[in-house]
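Chemist:
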Amino acid sequence: MVGLVLGILLGMAAMVALLGRLGGWSVGAGILAIMTAGFGSFFGGDALRSLRGQAVRGVSVSQAPRFPKAQRFHFTDGMPSERLTARFYKAGHRGPGVTYWAAPVTVEGWRQSEPVTLWVCAGSKDELAEWTKPHRKGLRVGALGGDGCKGAVLAAEQAFGLRSAPNAPVITWLESPQKALQRRLWLALLIPIGLLCLWLVTIPVVWILVRRSGRGQGCRLG
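Numbering (our numbering), first residue to last: 164 to 385.
(1) Work out the CA separation of E293 and F140 for me, nearest whole Å.
(2) Which one of G241, G324, F251 has the shortest CA to CA distance from V224?
(3) Can at least three beta-carbon pairs, one atom from the segment 266–278 and one from the segment 302–310, be found at a separation below 8 Å?
(4) Is the beta carbon of A254 less than 9 Å from the beta carbon of A265?
(5) Would you please state the rounded distance, in angstroms, between the beta carbons of A285 and Y263? I believe it to be under 8 Å.
(6) Counting only the same chain and skipping the five closest in sequence on each side, list residues whose C-beta sits under 8 Å from that of A331.
(7) Please report the distance separating the alpha-carbon of L247 from that of F323.
(8) Does DSSP put L317 in a helix, in a strand, or in coil?
(9) W336 and P231 - do their beta-carbons sit closer together than 9 Å?
(10) For G260, I'd like the list of residues in its chain whose CB is within less than 7 Å of its CB, leaving aside the five on either flank, ordered along the chain.
(11) What span of residues does the beta strand (DSSP E) with K300 cover, start to end?
(12) My output table needs one value for A292: the three-state DSSP class, helix, strand or coil.
(13) To which residues of the same chain is K313 closer than 8 Å at the C-beta, ignoring the five residues directly before and after it?
(14) Give the single residue among E290, A306, R326, T295 whose Cα lies nearest to the Cα of R274.
(15) Taking the runs of the alpha helix (DSSP H) that are 4 residues or longer, which of them lie wholly in the segment 249–284?
(16) Under DSSP, the beta strand (DSSP E) around V224 begins and ends at which residues?
(17) For T239 and A328, what's the separation of their Cα atoms in angstroms?
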């Protein structure tokens, strides 16, 4: 988030240098407004899908693909397989990237030649540490970490010769999916609001520059 804001400010500064103060700030403010709307739609839509999605309880891992619209899960069996864990590094646009880990959630008697009905993904060491806990709960991976988790799942399939069952969910293994859902909702609110506040700050700046530009032209005409 800090890198994004700094990038926006640097871009606006570059436009000021190229287009002059008024044109640069005006174009920059417009771009920032568009980005605010875009981020609001992205994070807001993701949060609404998570909130409205079905909560499934008391089912086996083998039944997970039967619930393509479910967001929160509580299973009766299964644990992430340490032996079949793979990782994927997703490079960042600006600054360091993120490492993702993925593994199949397996039950007793499952064989590696059988399709994987449930995947677990972690985007941090804290999330990875949760895999050792038998709470058997999770939240479907959202849009923010979706690409990284897809890359990690693909890496596991290629490394261990695995294949996914159709509609096999990819979840974050969590003791409290409800708390994770609340954080997702806060993220959906805070990022667009932060960008909106930054955009609103630019409005008086542009107004001041317009006033000064007008006065300067008036003085030169006089």
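Every residue gets a Cβ at the ideal spot worked out from N, C-alpha and C, and that includes glycine.
All of these numbers come straight from a predicted model, not from anything done at the bench.
Modeler: The short version:
(1) Nothing in the structure corresponds to residue 140, since the chain is present only between 164 and 385.
(2) G241
(3) no
(4) no
(5) Between Y263 and A285 the Cβ distance is about 7 Å, and since that is below 8 Å, they are a contact.
(6) A227, P228, P278, V279, T280, L281, W282
(7) 7 Å
(8) helix
(9) no
(10) Y252, K253, A254
(11) 300–303 is the extent of the beta strand (DSSP E) around K300.
(12) helix
(13) V333
(14) R326
(15) none
(16) Counting along the chain, V224 falls outside any beta strand (DSSP E), and DSSP gives it neither H nor E.
(17) 19 Å
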